[in-house]
């Protein structure tokens with residue numbers, strides 16, 4: 090704010106929130122919509138989980154104790170790199186084949202579940218975003234506080250109410 094303006098003009102320049110403008114945003118601001126959004130997220134996650142299948146393969150990426158790395162299939166060396174050298178090796182037996190873990194192969198079993206899962210999860214997050222209640226203005230907070238104090242006063246002194 091400009092300090093050179095009089096106080097009454099400074100207050101007039103402030104943007105005042107309009108309850109009419111906030112109405113469209115708080116349509117989904119209830120516990121029911123928030124629960125529905127969480128349910129959509131859960132269904133989307135289940136659909137994504139059911140759409141993929143992971144199995145192991147005969148391909149193994151091996152890192153040996155001396156620091157070299159090798160790519161092996163069925164115990165046979167496809168390619169390897171040796172630390173400190175600027176070359177690579179091809180062919181031969183795979184070093185430390187027994188200690189290496191097989192690489193995972195992920196396949197899509199049900200493509201429709203992927204689409205459905207992403208749509209449900211996205212819709213759920215959108216509903217969660219829209220179900221956040223709009224913030225109260227200072228005047229609303231003061232009015233709520235005044236009403237609570239009055240209610241407490243009436244509760245303790247019913248003869249004055």
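Numbering (my numbering), first residue to last: 90 to 250. All C-beta atoms in this analysis are idealised placements derived from N, C-alpha and C, irrespective of residue type, glycine included. No experiment lies behind these values; they were computed from the predicted model shown.
Check: Distance, Cα to Cα, residue 187 vs residue 165?
Finding: 12 Å
Checklist line | Beta-carbon spacing of residue 159, residue 169 below 8 Å | finding: yes
Checklist line | Residue burial classification, residue 184 (beta-carbon count within 10 angstroms, cutoff 16) | finding: buried
Notebook entry, point to check: Where do the ends of the beta strand (DSSP E) carrying residue 189 lie?
Noted result: That residue, residue 189, is in no beta strand (DSSP E); it is neither H nor E in DSSP.
Item checked: Span of the alpha helix (DSSP H) around residue 208 -> 200 to 219
Checklist line | Spatial distance of residue 220 from residue 124 (CA atoms) | finding: 10 Å
Next item on the list: Give the secondary structure of residue 127 by DSSP, where H, G and I count as helix, E and B as strand, and everything else as coil.
Entry: helix
Margin query: By the three-class DSSP mapping on this structure, what secondary structure does residue 137 have?
Written below: helix
Next item on the list: Can you tell me which of 191, 141, 233, 154 puts its alpha carbon nearest to the alpha carbon of residue 148?
Entry: 191
Margin query: In the DSSP output, which residue or residues are listed as bridge partners for residue 162?
Written below: 148, 165
Check: Would residue 143 pass as a contact of residue 193 if the rule is Cβ separation under 8 Å?
Finding: yes
Next item on the list: Could you name the residues of the same chain whose beta carbon sits closer than 6 Å to that of residue 205, not counting the 5 residues immediately before and after it, in chain order?
Entry: 136
Notebook entry, point to check: What is the DSSP secondary structure of residue 243, counted as helix, strand or coil?
Noted result: helix
Next item on the list: Could you tell me the distance, in whole angstroms, from the CA atom of residue 173 to the CA atom of residue 162?
Entry: 25 Å
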